Structure formats: C-alpha cells, structure tokens
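Going by UniProt numbering, the sequence shown opens with residue 1, and the numbers climb by one from there.
A virtual CB, placed ideally from N, CA and C, is assigned to each residue, including glycine.
All figures in this text were calculated on a predicted structure; none of them were measured in a lab.
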Amino acid sequence: MRFQEISRYAVTVASCILIISNAEGFGRSQSMRPNIVLIIADDMGWDDVSFHGSGQILTPNIDLLAYTGVALERYYSHCICTPSRSALLTGKYSHVTGMQGYPLTNSEDRGLPVTEKILPQYLKELGYATHLVGKWHVGQSRTSFLPTMRGFDTHYGHRGGYIDYYEYILHEMDDSGERYGFGLFRNMSAAWDDEGYITDLYTKEAKKIITSHDKTIPLFLTVAHNAPHSGNVGAALQAPPEDVRTMRHVESPQRRIYAAMVKKLDESVGEIVQSLLDNKILNNTIIVFVSDNGGITSGDSPNYASNWPLRGLKLSPFEGGVRVNGLLWSQNLTDTSHLWKGYMHVSDWLPTLLKAAGAEPPLNIDGYDLWENIINNKESKRNEIFEIDDFTGYTSIISGDYKLVTGSVIVDYSNHQGGELRRIIGSAPSYTDTLKKSTVYRVLSDIGTPFNFENVMLREDIKVTCNKTGNQENTLCYPQISRWCLYNIKEDPCEFRDISAENPEIITNMLIRLEMEKLRVIPRRKTVLRDPRSSPRLLNYTWDVWADNIMPSNL
Numbered sequence: 001m002r003f004q005e006i007s008r009y010a011v012t013v014a015s016c017i018l019i020i021s022n023a024e025g026f027g028r029s030q031s032m033r034p035n036i037v038l039i040i041a042d043d044m045g046w047d048d049v050s051f052h053g054s055g056q057i058l059t060p061n062i063d064l065l066a067y068t069g070v071a072l073e074r075y076y077s078h079c080i081c082t083p084s085r086s087a088l089l090t091g092k093y094s095h096v097t098g099m100q101g102y103p104l105t106n107s108e109d110r111g112l113p114v115t116e117k118i119l120p121q122y123l124k125e126l127g128y129a130t131h132l133v134g135k136w137h138v139g140q141s142r143t144s145f146l147p148t149m150r151g152f153d154t155h156y157g158h159r160g161g162y163i164d165y166y167e168y169i170l171h172e173m174d175d176s177g178e179r180y181g182f183g184l185f186r187n188m189s190a191a192w193d194d195e196g197y198i199t200d201l202y203t204k205e206a207k208k209i210i211t212s213h214d215k216t217i218p219l220f221l222t223v224a225h226n227a228p229h230s231g232n233v234g235a236a237l238q239a240p241p242e243d244v245r246t247m248r249h250v251e252s253p254q255r256r257i258y259a260a261m262v263k264k265l266d267e268s269v270g271e272i273v274q275s276l277l278d279n280k281i282l283n284n285t286i287i288v289f290v291s292d293n294g295g296i297t298s299g300d301s302p303n304y305a306s307n308w309p310l311r312g313l314k315l316s317p318f319e320g321g322v323r324v325n326g327l328l329w330s331q332n333l334t335d336t337s338h339l340w341k342g343y344m345h346v347s348d349w350l351p352t353l354l355k356a357a358g359a360e361p362p363l364n365i366d367g368y369d370l371w372e373n374i375i376n377n378k379e380s381k382r383n384e385i386f387e388i389d390d391f392t393g394y395t396s397i398i399s400g401d402y403k404l405v406t407g408s409v410i411v412d413y414s415n416h417q418g419g420e421l422r423r424i425i426g427s428a429p430s431y432t433d434t435l436k437k438s439t440v441y442r443v444l445s446d447i448g449t450p451f452n453f454e455n456v457m458l459r460e461d462i463k464v465t466c467n468k469t470g471n472q473e474n475t476l477c478y479p480q481i482s483r484w485c486l487y488n489i490k491e492d493p494c495e496f497r498d499i500s501a502e503n504p505e506i507i508t509n510m511l512i513r514l515e516m517e518k519l520r521v522i523p524r525r526k527t528v529l530r531d532p533r534s535s536p537r538l539l540n541y542t543w544d545v546w547a548d549n550i551m552p553s554n555l
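Structure below.
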C-alpha cells in the first residue's frame, strides 16, 4: 500500500535537469545545487516567535526570514522530539519506524533503525558535504546509531535530549539513583576543553563550517539547537545575565530567562545568515527554520514556552503540541507569496529538499514533495496527518478541515496554557526598531533587497484568533477509551468545541482511515528500560556509546 501520490509518468534525466534549472534560479550541476541550511529549535512554542503576533518576545532575524521568504501557516510536526527528528530524517511517520512515543533517554539501547536511509545519506549521493551541529536524539547507545555513521561528515553537539547550557551535563534518574554525564561531543570524542554558552558554541561551529566550506560542492548544514529546551532540574533555565536584563519588560521571572534563551537563538540565526553572505554562498542557499514540537509550559521539564492561544503542549496531540513554527527562505523566492497556507508535515522535508536539490524523491515514504507547491503558492498535496502514540495511548488524524483525537491523552498537557505568561511590565521594545537593528535586516540591505515594512502585516494574517465564549475551559473534550473528540480546526483552531455528536459520518470515515494507518505501526515497548551499563561512571563520566558488544534485545 502506498501513502504518497505517485507520478503518472516517468521523468527522464533531461526533463529533471530542465525542471531544476527552472526552479526559481537553482542550478543544474553538482557545484550549482543549492546549499541547504536547516535550523531546528527545541521545544519552542507557537507564541515564541514574533512573526506569529507576539509583542513580548521579539525574534527579528527569524521574522525577517519569514517576511522575505515563506512562512508556513500550517506546518505540523510530531509532538515529541525523538519522533519528530526521526520523521524529518526518514520522510516517514515515526510510528512506521518504531520511534513514536516517549523520547529516547541516554540510557536506552534503542535508535532509529540503521536499515532506514536518511536525508544526509541521500544528499551525500548528490555530492553534498554534510554537517550536523547540535542535537541528534535518535540513537546513541551504539556506534552504528551515531550521526557520522548515518551520512553526516561531521558532528559537533549533544547526542541525547538536552544538555546544561554551560557545563554540558545531562542528568537522568533510574532505579539505582541519579546519573550525571558529560554530553558534548566532537565526532567520536568528548569535547572536554570547550567552554561557553552552548548556543554560542553551536553558532561558532556553524560559522566555522560555512567559512571553511569548499564552494565547488553543495553544503548541507543542520544546526539543531539545544535552545530553548530546559536544562537539568537544578538549573532548568539558563541565559547570559546581560541578555536576561534586556527582558525586564517580561513579568514572569521564569519567562524572562526563557525569553533571553530565545533571544540568543534568534541572534544565532542572524549570525549564520551573515556568515553565508560573507562567504558568498547566501545567494544559492535555502534556509529552513522549524521547531521540533510545541513548547512545554508546565509539567515534566518545563521551559515556560507558550503555544498560546493553541490548545495543548509538547507530548499532546492537540494543536499546541503539533502545529509549530516553520519557514523557508531563499534569495530566489522574492516573487512568491510570503505566507503558504497548505498543510505540511515534518516528514515532507526529505522529499521537498531533495526536489529542491534536483533529485527525484523516493516513493516508499510518507512525505510529500511540496517544493513546487510552496514556491508557486499552489495548494498542498497533503490532506491528512497522523499522530499515533501507542506508548501513551492516543491517536489523532487530520483530514481536510477536521481533526479527530482518540484514546487517552495526558490531561495536564491538553488544555490551554501560556496566556498568563504573556504579561508585560510597562511597554515592550519597539518592534520596528528591533527589526531595523537586526543582522538579517542589514543582510537584506547588503544584497539589494531592503525590507518592505508593509510585509509585517503577515503577522496579522498568520495570527491565530479563537472565538471563546463563556468558561469553555471547563467543557473541553478529553478523549477516553469510549469517547473521541472531533474539531473543525479551520473554524476552531483552538479546539474548544467538540462537534462529534453532529457529525457521525465524518467520524466513521476518519476512524476507518485511522484503523488502516494503525496497521502500519511498529509497536513501542510500553516501558522505558534504563540500562545500568550506560552509567557515565563506567564511561569516563560521559554519555558515550555503551552497547556495541551487547546483544540487542529489541531495536
């Protein structure tokens, strides 16, 4: 069974060359293939970029890429970090690779199956230099799971879910007590001698790669930031004090530190864009910026992100967990619409970027090639999206305007949160002035495309508004074993009103489709097994490879 639209005719080599040569100015030969820079934020909320309308946390560099590129209005991801990264790399839903559900811990002997071909491997075959800076989080117990074994030429970063922003330590608990280990690596070795704020280190490494890149071959650079994920329990929120001081207009003290973490992330984006310009490769570079999932406002490892006004957090199938920040930028997209309203899923990046690079995407995946649809502002090929988590016990399907949620959700992560975090003391900084002072604003002027401030109206076009009446929070639908919740997410994007009672035929059709998709699920183990052999005390106090000589039990 195929779950992707298949071309009705064979495309010859000659026609492939013609297509890519006409694709908004991108070249034909290996040296002219577009460079691709993929920037991933970790646990960043819908309301944490100012191009979505917030005036509290300003993200001028990210915003200007959205205003002058393409903001993705309905970009969806999986609601948890390991599943979303697995889907991005494979072009497949996480539930068909067994990577759905609760994210990988550092002490698990589990990883993205090595039988899966992933994005950097496809791009290597096209002649790309491939580099990963930052987070991996799809397997680290075995050497075969590591990024440099899976198509990346180099990796500098953390292999697990997060690290401390200054000491690069990750803390875990298991039956034997607490474990602490160093988690920053350069390729196969612990980067013991490195110092500084981790966002700055990752930015510095990305700029170093860009500066030393051989321009005769195309570059694929992924910068998967630690920010703004929370750190260890004792110091969950960390940012340089001078940056925290610039956020004194933010009322919540926790949110103030979080805002400074986002500020550093936004500055990193600006520095990477500047480096691309300085090294004369910006004009042939595609930049993608996305969040891996929704923010985690409260609960386990909160970072005080806000998905407001969307319902739900990370670990939830509601919109706040899965509808996330996304944009695509290229200097060659100046004539396209700056807001694309079609559905896009994280699994679509693999085929979309391969098409942009001049290759025909594989057929045995779930992702759709949306390159032409986005750059030409056409309707999306995608009309349905699944979220299946047999670890927690919920499923959801989006089909057209409708979304159905079934099973058992985590109630504390499935309501509306973050509104109280938006409060401001006095006045927020001037948005226009902040844009004008940003690095990307200067870059746009340098390349001869100064920013038109009329484009900030995109903030109003993409801003989510909810028609809330009365105390609807007390009447929210929560699915149970014998109850499901149906929403029209185009009319009710904040999922206040369950319309299942008046739409039995829609529910029947969606349940049938959902049951068909569940036949493809590779079941998840219902418990997280933390192996004592992974203890950093046995590995020079690092979270290093530990299972190479152990017989795999269930990979």
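The Cβ atoms of LEU88 and VAL346 sit closer than 9 Å to each other. Secondary structure note for ARG459: its alpha helix (DSSP H) is the uninterrupted segment 458-462.
The beta carbons of GLY134 and TYR202 sit closer together than 9 Å.
Separation of GLY157 and PHE185 (C-alpha to C-alpha, rounded to the nearest whole angstrom) is 5 Å. In the three-state DSSP reduction, CYS81 falls in the helix class (H, G or I). Residue pairing by DSSP places VAL290 opposite ILE40, GLY326 in a beta bridge.
Close CB contacts of ALA236 within its chain, under the 6 Å cut and outside five residues either way in sequence, are with SER230 (chain order).
Contact check for SER414 and TYR478: beta-carbon distance about 6 Å, within the 8 Å limit, so the pair qualifies. Inter-segment contact for the segment 395-415 and the segment 488-501 is present: three or more beta-carbon pairs are separated by less than 8 Å. Between PHE145 and GLY91, the beta carbon gap of about 19 Å keeps them out of contact (Cβ cut-off 8 Å). In this chain, ARG186 is not harboured by any alpha helix (DSSP H); it is covered by the beta strand (DSSP E) spanning 184-186. According to the DSSP assignment, GLU73 belongs to the beta strand (DSSP E) that extends over 70-76. Spanning the alpha carbons of GLY55 and ILE550 requires a straight line of approximately 52 Å. In the structure shown, TRP136 falls within a coil segment according to DSSP collapsed to helix, strand and coil. Around the beta carbon of PRO302, 16 or more other beta carbons lie within 10 angstroms, which makes this residue buried.
A distance below 7 Å between beta-carbons, with the five flanking residues on each side excluded, links ILE374 to the following residues of its chain, in chain order: VAL70, LEU328, TRP340. LEU219 carries a strand assignment under DSSP once its states are collapsed to helix, strand and coil. Looking only at ASP390, ILE388, LEU370, the smallest Cα-Cα distance to LYS381 is reached by LEU370.
The beta-bridge partner set that DSSP reports for ASP174 consists of GLY177. Taking MET457 as reference, the option from ASN467, ARG442, VAL443, THR432 with the minimal CA-CA separation is THR432. Following the DSSP letters along the chain, one finds THR211 inside the alpha helix (DSSP H) bounded by residues 198-212. In this structure, the CA atom of ALA41 is about 27 Å from the CA atom of GLU454. ASN488 sits in a strand when the DSSP states are folded into three classes. The shortest CA-to-CA distance from ASN226 to any of ASP548, GLU515, MET44 is the one to MET44. Rounded to whole angstroms, ASN284 and LEU277 show a C-alpha spacing of 10 Å. With contacts defined as CB atoms closer than 9 Å, ASP292 and SER50 fail to qualify as a contacting pair. Within the DSSP bridge table, the entry for GLY407 names TYR394 as partners. When DSSP states are grouped into helix, strand and coil, ASN35 belongs to the strand group. With a threshold of 16 other beta carbon atoms within 10 Å, VAL138 meets it and is buried. THR143 carries a helical assignment under DSSP once its states are collapsed to helix, strand and coil.
With a cut-off of 8 Å on Cβ pairs, the segment 524-531 is not in contact with the segment 157-170, counting fewer than three such pairs.
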